[in-house]
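Q: Residue numbers (full-length UniProt numbering): 1 to 227. All residues carry an ideal CB built from backbone N, CA and C; glycine is no exception. Take this structure, written in structure tokens, and hold onto it; I'll ask about it next.
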């Protein structure tokens, strides 16, 4: 006895009967639509390849890499022009810096010259008259600059052999014929002793006076027309 099916009117369902067996025509249609394995292999061999071969891919990559390198390197003429432009820019910058340094040194020299011409140093609060700026008053404040180095070593002379050089002796003696101290001559102790020994010898021989400068050195003060 077949099983009882539910009443469609009662449940509101539409039931379609089916069978597990299919007709032979359907099977034939399905088999006709499916390609065979041999035909599939033939179609694969005969159809053109959609994907490129490895060699063509390598060639394309190599060409792209070379084009990128050429674009990055650019034209050799462009590199030379760029280098020349850079050298010109660096040269102009160096020239400007050197000119600025030369100008700074020139200003420093002018300032030092002005300070040497004005021996008196003015401080804030000092009261002065126009006469104080005259050369006569400025001469009173002028001081001889001390020697910065040993003159005997710089000239390479032997002090004991310079006893006839009256101008040299005058540089190391005062107006009254006294030997100048080493603080005024800026000589080393060895050279100071040699100079003092030479001056004492020349004064002992009577070639250089002991109370005033040599007459040859002060002649112009008495006979200005001979200058």
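Going by other Cβ atoms of all chains shown within 10 Å of its Cβ, with 16 needed for buried, is residue 198 buried or exposed?
A: Taking the first residue of the chain shown as 1, we reach residue 198 at position 198. By the neighbour-count rule (16 or more Cβ atoms within 10 Å), residue 198 is buried.
Q: For residue 179, which residues does DSSP report across the bridge?
A: Here the question's residue 179 lines up with position 179 in the chain shown. Answer is 173, bridged to residue 179.
Q: Thinking C-beta only, is residue 212 closer than 8 Å to residue 170?
A: Here residue 170 refers to the residue found at position 170 of the chain shown. Here residue 212 refers to the residue found at position 212 of the chain shown. Cβ distance not < 8 Å, so residue 170 and residue 212 don't count as in contact.
Q: Please state if the CB of residue 185 and the CB of residue 275 are separated by a distance shorter than 8 Å.
A: With the chain covering only 1 through 227, there is no way to say anything about residue 275.
Q: What did DSSP end up calling residue 102 once you bin it into helix, strand or coil?
A: Locating residue 102 in the chain shown gives position 102, where the first residue counts as 1. Looking at residue 102 - three-state DSSP - the assignment turns out to be helix.
Q: What three-state label does DSSP hand residue 109 in the structure shown?
A: For the purposes of this step, residue 109 is identified with residue 109 of the chain shown, where counting begins at 1. Reduced to three states, the DSSP call for residue 109 is helix.
Q: Cα separation between residue 163 and residue 152?
A: On the chain shown, position 163 is the one that residue 163 refers to. On the chain shown, position 152 is the one that residue 152 refers to. Each residue's alpha carbon lies about 14 Å from the other.
Q: In the structure shown, what three-state DSSP assignment does residue 225 receive?
A: As a working mapping, residue 225 is identified with position 225 in the chain shown. Residue 225 falls in the helix class under three-state DSSP.
Q: Compare the Cα-Cα distances from residue 131 to each of 183, 140, 125 and report the closest residue.
A: Looking up residue 131 in the chain shown gives position 131. Considering only alpha carbons, the answer is 140.
Q: Would you decide whether residue 27 is buried or exposed? Buried here means 16 or more other CB atoms lie within 10 Å of its CB.
A: Residue 27 sits at position 27 when you count from the first residue of the chain shown. Because residue 27 carries a pLDDT of 46, less than 50, the predicted location of this residue cannot be relied on, and the following value inherits that uncertainty. Exposed is the call here.
Q: Drop a sphere of 10 angstroms on the beta-carbon of residue 225, count the other beta-carbons inside from all chains shown, and report buried for 16 or more, exposed for fewer.
A: Translated into the one-based positions of the chain shown, residue 225 becomes position 225. Exposed, because fewer than 16 other Cβ atoms sit within 10 Å of the Cβ of residue 225.
Q: Look at the alpha carbon of residue 167 and the alpha carbon of residue 210, and state the distance between them as a whole number of angstroms.
A: What you label residue 167 is simply residue 167 of the chain shown in a count that begins at 1. What you label residue 210 is simply residue 210 of the chain shown in a count that begins at 1. Spanning the two alpha carbons is a distance of roughly 15 Å.
Q: Closest to residue 160 by CA distance: which of 116, 78, 203, 114 is it?
A: Within the chain shown, the letter at position 160 stands for residue 160. With distances taken between Cα atoms, residue 160 lies closest to 203.
Q: What is the rounded straight-line gap between the Cα of residue 113 and the Cα of residue 138?
A: The residue labelled residue 113 in the question sits at position 113 within the chain shown. The residue labelled residue 138 in the question sits at position 138 within the chain shown. Distance between the alpha carbons of residue 113 and residue 138 is about 15 Å.
Q: In or out: residue 173 buried (at least 16 other Cβ within 10 Å) or exposed?
A: Taking the chain shown and counting its residues from 1, the one referred to as residue 173 is at position 173. So residue 173 ends up on the buried side.
Q: Looking at the unbroken alpha helix (DSSP H) that takes in residue 154, where does it start and where does it end?
A: The residue labelled residue 154 in the question sits at position 154 within the chain shown. From DSSP, the alpha helix (DSSP H) with residue 154 extends over 151-155.
Q: Would you call residue 208 buried or exposed, if buried means 16 or more other Cβ atoms sit within 10 Å of its Cβ?
A: Reading the chain shown from its first residue, position 208 is the one you call residue 208. Answer is buried; the Cβ neighbour count reaches 16.
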